[in-house]
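S.K.: Take a look at the following structure, please.
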Amino acid sequence: MPAPPLLALRGVCKRFGAVEVLKDVDLEIHAGQVVALLGDNGAGKSTLVKVISGVAPAERGVIEWEGRAVHIRRPHDARDLGIATVYQDLALCLNLDVVGNLFLGREIRRYGFLDEMAMESRTIDLLGRLTRAVPELRAPVVSLSSGQRQTVAIARSLLGDPRVLLLDEPTAALGFEQTTEVLDLVDTLRDRGMGVLLISHNLGDVKALADRAAVLRLGRNNGFFNVNTASQEQIIASVTGATENVPRRGTSYEARW
Amino acid sequence: MRRTTENTQADDAAAAAGDPSARRGHTLSRALQDWGAALRRRFRAGELGSLPVVLVLATVWIVFQSLNGNFLSPRNLSNLSVDIVGTGLIAVGIVFVLLLGELDLSVGSISGLAAAVFAVLNVHHGAPEWLALILAVLAGTAAGAVQGYSCAKTRVPAFVLTLAGLLTWNGLMLAVLGTSGTVNLDENGLVADLTNYYFTHDAVAYCLAALCAGAVFTISYLDRRRRTAADMPHRSLRHIALRAGAIAVVAFVSAYLLNRFQGLPLALLIFLVVVAGLDILLRHTHYGRQVYALGGGVEAARRASLNVTGIRTAVLAASGTMAAIGGLFLASRITSVSQTSGSGVLLLNAIAAAVIGGTSLFGGRGTTWSAVLGMLVIQSISSGMAITDTPTAVQLVITGGVLFAAVVIDALSRRSQEAHGRA
Ligand SMILES: Nc1ncnc2c1ncn2[C@@H]1O[C@H](COP(=O)(O)OP(=O)(O)OP(=O)(O)O)[C@@H](O)[C@H]1O
Ligand SMILES: [Mg+2]
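Residue numbers (the numbering used here), protein chains in the order written: chain W, 43 to 299; chain Y, -16 to 406.
As structure tokens, then:
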């Protein structure tokens, strides 16, 4: 029997008020794999990320961690499992400086006080892996450019040595060089056995980096692809809805995957 | 942009060259240049901190001193330093609430309630002073915690909930006082001593001044040593010495002036210890970091798994506690408690002090020291007006003008920060 996926979603439903945003969504993330999550604007990608990270817990459906059903009700639960997230809106505290944001909620302490020096040196390490132009560490994040903020958010997600990384359009605000560095980093992380969920509208990046792609359309699964074998046209057709191949759960799932 | 901490090792190497006497002058001018550059950077980035309020305070003092030579006399300054304490302690609580981007309107009523609880327990029921004192402060904590918890759970803005609190606690205070009207406190009791007691021995004030400057120097020096050992950016020795030196000058001049009158007032000592302690709690522990984080973005704090309800409750409980303590100091000043305790301009002065001192109304920016600076400005204006026989009407207009200026500076610096980020 093959090892169970690191993280698996089965039949996840989520509604905001009367609107059903996610309907019976399935997804699997294996260790050492990059899964791309594709879909048009409003397809429910960010909502799915929030379901997994505990910000907007699912109403129905099962989330399995290494084959074991788990409950993710708060961001805390996801963090304890080893799930780290870069949100589309970054979720940074604009008044705190770079170091404060990186360590928010898990500050390093020394004799009960914040150990600013240790946190600062860890921050320099982490940011150094992502970019050559490390922003001013003691400036409030509100004074950074959007690309710099995105770099900070990515560095923050790497802090606790997570096992699953959820990246919601992590390179949207980044320049060419920074994008390459982030994608290289994702590659390295995969080689180290991390499972990555990558949301991106850039099919080129997805083709270059991802192992598998899952497509969401109007809150439902609309196809799973092996990125190495599927053609770009097939994937685009699935994203735009030219092909409505909604998989019935359990049956044709693995084959299409 | 990497490692643009204001100073690096290079400064020391440069300073080490040249003969000693020239070096000293050179060192000082270089330090002032560094300071000027840092100031300009902060000005552009919209982080003015306490600079505007210090300028306002200096102006107020110069103006009143030129109008009346008694304004900066040891006697007047000593009284001023005791007068700021009651409202100042309440303003410290307001700083906590402002850091969340909220406002607490109930602090006046809570201060009156605490004073009434103390007076009735001690004077009418004969409870020992220490017990009545503790219960009075706990009453404030409880009132604040109730407000904080309901504010966090209902997500109603705190200023609305605490408006309900203002009425409720005021009613409760009238009920506690009952028909007694005015209660006179024991003139020689513990609470009366809070604002009556002076350390008459000169050595006390001087030793504390030395201790405080020494502590600042030692802590920054040890931090610098640790950073040098780890090859991290650090402050230059000059910067550290200059800062500790500035603190020493302020502390020793104050000690000298206070000793020329009656010595160091106990009230002032308590106030400064509380402010310094809470400043360390807010800026150097993970509890305080959570308060700032919540003020900078509720959603971000929630996603970082912070306990939003707990923090809100704790902050309003802290504000209620400080209001109760402040109320006891105000009662101590007049050694009586009446139905008007905690009413009038007290609430407005406490909020104005925090804002004038440089704490942002938008949340997430400010320190407890702004309560001290803001109260100094407000009380200096009122004391100067009293000395120069200016009518109250003018005093209110001027205090209002200063508050207006503080709010405008706050809004402008916030705008400039955002513009800085978008560039
Ligand atoms: N808090 C909310 N309350 C109500 N509706 C919401 C909320 N969040 C998202 N939605 C709705 O859910 C749907 C999916 O939104 P979501 O942000 O997940 O899309 P997305 O796939 O990430 O799109 P994009 O590519 O633009 O980021 C949208 O129709 C949106 O209006
Ligand atoms: Mg999205």
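We treat Cβ as the ideally placed atom computed from N, Cα and C, and that holds for glycine.
#1: Spell out whether any CB of chain Y is found under 8 Å from the CB atom of Phe155 (chain W).
#2: For Ala50 (chain W), which of helix, strand or coil comes out of DSSP?
#3: Once you ignore the five residues that flank Tyr129 (chain W) on each side, which residues in its own chain have a CB closer than 6 Å to its CB?
#4: If you count every other CB in all the chains shown that lies within 10 Å of the CB of Thr183 (chain Y), and 16 or more means buried, which is it?
#5: Excluding five sequence neighbours on each side, which residues of the same chain lie with their C-beta closer than 6 Å to the C-beta of Gln190 (chain W)?
#6: Going by DSSP, which residues form a beta bridge with Asp139 (chain W)?
#7: Would you report the Cα separation of Ile117 (chain Y) and Ser315 (chain Y), rounded to the nearest angstrom?
#8: Against chain W, does Leu344 (chain Y) count as a neighbour if the rule is that its beta carbon must be under 8 Å from one of theirs?
#9: Return yes when at least one heavy atom of ligand 1 lies under 7 Å from the C-beta of Val61 (chain W), else no.
#10: Using a Cβ-Cβ distance under 8 Å, would Leu134 (chain W) count as near chain Y?
#11: If the cut is a Cβ gap below 8 Å, which residues of chain B does Met159 (chain W) touch?
#12: Using the beta-carbon count (16 or more within 10 Å), is Gly154 (chain W) buried or exposed?
#13: Between Gln192 (chain W) and ligand 2, is the CB less than 7 Å from at least one heavy atom?
#14: Would you list the residues sitting across from Lys56 (chain W) in a DSSP beta bridge?
#15: Which stretch, first to last residue, makes up the beta strand (DSSP E) that contains Asn263 (chain W)?
#16: Helix, strand or coil: which one does DSSP assign to Val39 (chain Y)?
#17: What residues of chain W sit near Gly347 (chain Y), judged by a beta carbon separation below 7 Å?
#18: Using a Cβ cut-off of 8 Å, which residues of the stretch 281 to 315 of chain Y contact any Cβ in chain W, in chain order?
#19: Cα separation between Trp18 (chain Y) and Asp262 (chain Y)?
#20: Taking 8 Å as the CB-CB limit, is Ala20 (chain Y) close to chain W?
#21: I need the straight-line Cα distance from Pro117 (chain W) to Ser365 (chain Y), nearest angstrom please.
#22: Closest Cβ-Cβ distance between Arg205 (chain W) and chain Y: below 8 Å?
#23: Take Tyr181 (chain Y) and list the residues in its own chain whose beta-carbon comes closer than 6 Å to its own, dropping the five residues that flank it on each side.
#24: May I have all residues whose beta carbon comes closer than 7 Å to any heavy atom of ligand 2, sorted in chain order?
#25: Where does the unbroken alpha helix (DSSP H) through Val129 (chain Y) begin, and where does it stop?
#26: Quick one: what does DSSP say Arg434 (chain Y) is sitting in, helix, strand or coil?
#27: Could you give the distance in angstroms between the alpha-carbon of Ala276 (chain Y) and the alpha-carbon of Glu401 (chain Y)?
#28: Along the stretch 72 to 94 of chain W, where does the CB come closer than 8 Å to a CB of chain Y? Name the residues.
#29: Do Ser242 (chain W) and Asn264 (chain W) have their beta-carbon atoms positioned less than 8 Å apart in this structure?
#30: So is His118 (chain W) in contact with chain Y if we call contact Cβ pairs under 8 Å?
#31: So Leu172 (chain W) and Ala197 (chain W) are in contact, right, with Cβ under 8 Å, and what is the actual spacing, rounded?
#32: Between Gly349 (chain Y) and Leu82 (chain Y), how many whole angstroms is the CB-CB distance? I'm expecting something under 8 Å.
#33: Closer than 8 Å, CB to CB, is Glu62 (chain W) near chain Y or not?
#34: Between which two residues does the alpha helix (DSSP H) containing Asp87 (chain Y) stretch?
#35: So that I know if they touch, is there some Cβ in chain W lying closer than 8 Å to that of Gln322 (chain Y)?
#36: Which one of Y:Ile93, Y:Phe79, Y:Val281, Y:Asn171 has the shortest CA to CA distance from Arg138 (chain Y)?
M.R.: With the structure as the only source:
#1: Yes, because at least one Cβ of chain Y sits closer than 8 Å to the Cβ of Phe155 (chain W).
#2: Of the three classes helix, strand and coil, the one that applies to Ala50 (chain W) here is strand, per DSSP.
#3: Excluding sequence neighbours, Tyr129 (chain W) sits near Asp210.
#4: By the 10 Å Cβ count, Thr183 (chain Y) comes out exposed.
#5: These residues qualify, in order along the chain: Pro177.
#6: BP columns for Asp139 (chain W) point to W:Pro182.
#7: Between Ile117 (chain Y) and Ser315 (chain Y), the C-alpha separation is close to 15 Å.
#8: Output row for Leu344 (chain Y): interface = no.
#9: At least one heavy atom of ligand 1 is nearer than 7 Å to the Cβ of Val61 (chain W), so yes.
#10: True, the Cβ-Cβ gap to chain Y drops below 8 Å.
#11: Absent from the structure is chain B; the protein chains it does hold are W and Y.
#12: When all chains shown are included, Gly154 (chain W) counts as exposed.
#13: No, since every heavy atom of ligand 2 falls outside the 7 Å radius drawn around the Cβ of Gln192 (chain W).
#14: W:Leu64, per the DSSP bridge assignment.
#15: Counting along the chain, the beta strand (DSSP E) containing Asn263 (chain W) begins and ends at 262 to 268.
#16: Here Val39 (chain Y) sits in helix by DSSP.
#17: Residues of chain W passing the Cβ test: Asn137.
#18: With the criterion set as a beta carbon lying under 8 Å from some beta carbon of chain W, the members of the stretch 281 to 315 of chain Y are Glu282, Ala283, Ala284, Arg285, Arg286, Ala287, Ser288, Leu289, in sequence order.
#19: If I take the Cα positions, the gap works out to 23 Å.
#20: False, the Cβ-Cβ gap to chain W never drops below 8 Å.
#21: Each residue's Cα considered, the two are about 51 Å apart.
#22: Not flagged as an interface residue toward chain Y: Arg205 (chain W), since no C-beta distance is shorter than 8 Å.
#23: Here the set comprises Gln245, Gly246, Pro248.
#24: For ligand 2, the selected residues are W:Lys87, W:Ser88, W:Gln130, W:Asp210, W:Glu211, W:Ile241.
#25: Where Val129 (chain Y) is concerned, the enclosing alpha helix (DSSP H) starts and stops at 112 to 137.
#26: Nothing about residue 434 (chain Y) can be reported from this structure: the residues present for chain Y run from -16 to 406 only.
#27: Whole-angstrom Cα-Cα distance: 17 Å.
#28: Listed by position, the residues of the stretch 72 to 94 of chain W near chain Y (Cβ gap below 8 Å) amount to none.
#29: Ser242 (chain W) is positioned such that its CB atom lies no closer than 8 Å to that of Asn264 (chain W).
#30: Using a CB distance cut-off of 8 Å, His118 (chain W) counts as an interface residue toward chain Y.
#31: Taking a contact as a CB-CB distance under 8 Å, the pair Leu172 (chain W) and Ala197 (chain W) counts as one, their CB atoms being some 6 Å apart.
#32: Under the criterion of beta carbons closer than 8 Å, Gly349 (chain Y) and Leu82 (chain Y) qualify as touching, at roughly 6 Å.
#33: No, Glu62 (chain W) lies away from the interface with chain Y (no Cβ there is under 8 Å from its Cβ).
#34: Where Asp87 (chain Y) is concerned, there is no enclosing alpha helix (DSSP H), given that its DSSP letter is neither H nor E.
#35: Contacts with chain W at 8 Å (Cβ-Cβ) do not include Gln322 (chain Y).
#36: That would be Y:Val281, whose Cα lies nearest to the Cα of Arg138 (chain Y).
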